[in-house]
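Colleague: The structure under discussion is supplied below as structure tokens; questions concerning it will follow.
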Amino acid sequence: TTLFRSNKMFFKHTKWAMLWALLILILCGIPGKDIPHISFLELLNFDKFVHAGIFFVLLLLTVRGFLLQSNFPQLKKLAKFTALLICIIYGGSLEIMQGTLFIDRTADIFDFIANSFGASMGVLLYDWIEKRFLIKLIK
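In the working numbering, the protein residues as written are 6 to 144.
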């Protein structure tokens, strides 16, 4: 029961990151023909901002979950690095899946770069966001 309790506690703090990652997987698996195309947004490479944004959020949620959990002290200590590594690997894996498994989707190295950039920005801005917004939410 200790292992179950331990896993339950870990999931309690990381569930939002996991649910966000699942949402990203679902969105990346939608066939390309079903995704709305808006020409002026394509000109601005809006797609890359979306990729960066969703991985920025994924990084923030993952770091927050890792910092709040107490089952794995080493993970807590290396929360930002571990979360960044997970986000980069996940972003790369999704691009590979889009190129090989998902219908009417293609892998794009620039999407991977945008994913990695968004996650990297999350690492750089996490402390500022936590101090500016998260602490106010707790009070």
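Cβ atoms here follow ideal geometry from the backbone N, Cα and C, with glycine treated the same way. Everything numeric in this text was worked out from a predicted model, so none of it was measured.
Between the segment 97 to 107 and the segment 61 to 78, do three or more beta carbon pairs fall short of 8 angstroms?
Modeller: no
Colleague: Check Lys144 in the structure and name its three-state DSSP category.
Modeller: Confidence in Lys144 is poor, its pLDDT being 43 and thus under 50, which makes the residue's placement too unreliable to answer from.
Colleague: Look at the alpha carbon of Arg110 and the alpha carbon of Gly123, and state the distance between them as a whole number of angstroms.
Modeller: 21 angstroms
Colleague: Less than 8 angstroms between the C-beta atoms of Ala57 and Ala119, yes or no?
Modeller: yes
Colleague: From the DSSP output, in three-state form, read off Asp132 for me.
Modeller: Collapsing the DSSP output to three states places Asp132 in a helix.
Colleague: Considering only C-alpha positions, which residue in the set Val55, Lys82 and Phe138 is nearest to Asp116?
Modeller: Out of Val55, Lys82 and Phe138, Val55 has the C-alpha closest to the C-alpha of Asp116.
Colleague: Using the C-alpha atoms, what's the distance from Ser75 back to His18?
Modeller: Straight-line Cα distance between these residues: approximately 9 angstroms.
Colleague: What are the boundary residues of the alpha helix (DSSP H) that Leu63 is part of?
Modeller: First-last of the alpha helix (DSSP H) with Leu63: Phe51 to Leu73.
Colleague: Using 8 angstroms for Cβ pairs, my map puts Leu89 next to Ser125. What's the rounded Cβ distance?
Modeller: 7 angstroms
Colleague: Suppose you measure from the CA of Cys92 to the CA of Phe60; what does that come to, to the nearest Å?
Modeller: 7 angstroms
Colleague: If distances are taken between C-alpha atoms only, which option among Tyr95, Val68 and Ile114 comes closest to Lys20?
Modeller: It is Val68.
Colleague: Less than 8 angstroms between the C-beta atoms of Ala22 and Gly97, yes or no?
Modeller: With respect to the 8 angstroms criterion, Ala22 and Gly97 are not classified as neighbours on the basis of their beta carbons.
Colleague: Quick one, are the C-beta atoms of Pro36 and Ile114 less than 8 angstroms apart?
Modeller: no
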